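Encoded as structure tokens, the structure appears first; notes follow it.
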Amino acid sequence: MSRSLRPVQCLQIRLGSVASMPSSIMRCAAFLFKPCNESTINKRVIMSTFLRRSFNPCAIVLLIGATLSISVTAANKYPSLNMRGSTYPNACSKPEQQVLRQAILKAKVQKLPAVWRAVQALLCAPRTGPERAYLGSMFAKKIKQKLEDTGSEPSYDVVARTDELIDGTMAAGEAWDANLDIEVDRIRLQYFPNEACVRSVTLSYRQTKWVIDEIDEACD
Numbered sequence: 000m001s002r003s004l005r006p007v008q009c010l011q012i013r014l015g016s017v018a019s020m021p022s023s024i025m026r027c028a029a030f031l032f033k034p035c036n037e038s039t040i041n042k043r044v045i046m047s048t049f050l051r052r053s054f055n056p057c058a059i060v061l062l063i064g065a066t067l068s069i070s071v072t073a074a075n076k077y078p079s080l081n082m083r084g085s086t087y088p089n090a091c092s093k094p095e096q097q098v099l100r101q102a103i104l105k106a107k108v109q110k111l112p113a114v115w116r117a118v119q120a121l122l123c124a125p126r127t128g129p130e131r132a133y134l135g136s137m138f139a140k141k142i143k144q145k146l147e148d149t150g151s152e153p154s155y156d157v158v159a160r161t162d163e164l165i166d167g168t169m170a171a172g173e174a175w176d177a178n179l180d181i182e183v184d185r186i187r188l189q190y191f192p193n194e195a196c197v198r199s200v201t202l203s204y205r206q207t208k209w210v211i212d213e214i215d216e217a218c219d
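Each residue of the sequence shown is one higher than the one before, starting from 0 at the first, in the numbering used here.
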């Protein structure tokens, strides 16, 4: 037999943790929601409750609170970077992802899905799981590497593909102000991995597939 839930429990099931929501919103929730049956809780039920009480101030407060909570969560997940008096957007935020994807679509690159997946993995994927494995498969056996520090001559090297190199190249969400320089058979992704450095990763089209074959990094 389905059990009846208290109003606040109904809200918790649909909107997440009660503890993270302001007490005034929870008081409104308790006023708005009647006990509901666990087996019938869904978005349609919640929305119909809002519509029936659309002129109730508490309904408005509740809707605004839920919207703000979602927005704040997204902003906290991919925060901007403040550097030298300027603010740079996180490359994994939705608007920046749309800009990058549009650049790839506009350029009509070969094997577009593979390129887009690689860009997303380089910028946003965790250093474990299927995206890490996919990105690792794109690394050439030998990688050109250029490292440069302020006040010193740049160093050039050719390094072997290693797990440490792959993991170090993945930004894992710590990437800001990303941009793409796209040519027919060469794509250069550049971004800030922190306040002090700028990093670029180059993909080259070789024998019907894209490979990562060059990494540059310059730091203050």
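We put the CB at the ideal spot given by N, CA and C, even for glycine. All figures in this text were calculated on a predicted structure; none of them were measured in a lab.
With H, G and I counted as helix, E and B as strand and the rest as coil, what does DSSP make of residue i?
i       : result
Asp-219 : coil
Glu-163 : helix
Thr-207 : coil
Thr-86  : strand
Thr-168 : helix
Ile-214 : strand
Take residue i as the anchor and find which of the options has the nearest alpha-carbon.
i       : options                            : result
Tyr-155 : Glu-163, Ile-165, Gln-144, Leu-121 : Gln-144
Glu-95  : Ser-79, Lys-107, Arg-83, Lys-105   : Ser-79
Arg-264 : Trp-209, Cys-196, Ser-203, Asp-212 : The structure shown has nothing for residue 264, since the chain only spans 0 to 219.
Ala-139 : Cys-123, Asp-184, Val-210          : Val-210
Would you kindly report the start and end of the unbroken alpha helix (DSSP H) that includes residue i?
i       : result
Ala-106 : 93–106
Gln-119 : 111–123
Do the CB positions of residue i and residue j come within less than 8 Å of each other?
i       : j       : result
Ala-159 : Lys-141 : yes
Ile-181 : Ala-102 : yes
Glu-194 : Leu-146 : no
Glu-213 : Pro-192 : no
Trp-175 : Pro-112 : no
Leu-179 : Leu-99  : yes
Arg-185 : Thr-207 : no
Apart from the five residues on each side of it in sequence, which residues of its chain come closer than 7 Å, Cβ to Cβ, to residue i?
i       : result
Arg-126 : Asp-166, Met-169, Ala-171
Gln-109 : Tyr-204
Gly-135 : Ile-165
Over what stretch of residues does the beta strand (DSSP E) that includes residue i continue unbroken?
i       : result
Tyr-133 : First-last for Tyr-133: 129–137, but that is the alpha helix (DSSP H), not the beta strand (DSSP E).
Asp-184 : Asp-184 -> no beta strand (DSSP E), and no H or E assigned at all.
Tell me which same chain residues have a C-beta within less than 6 Å of the C-beta of residue i, skipping the five on either side of it?
i       : result
Asp-148 : Cys-218
Spatial neighbours of residue i within its chain, please: C-beta separation below 8 Å, excluding the five flanking residues on both sides.
i       : result
Tyr-133 : Arg-116, Ala-117, Ala-120
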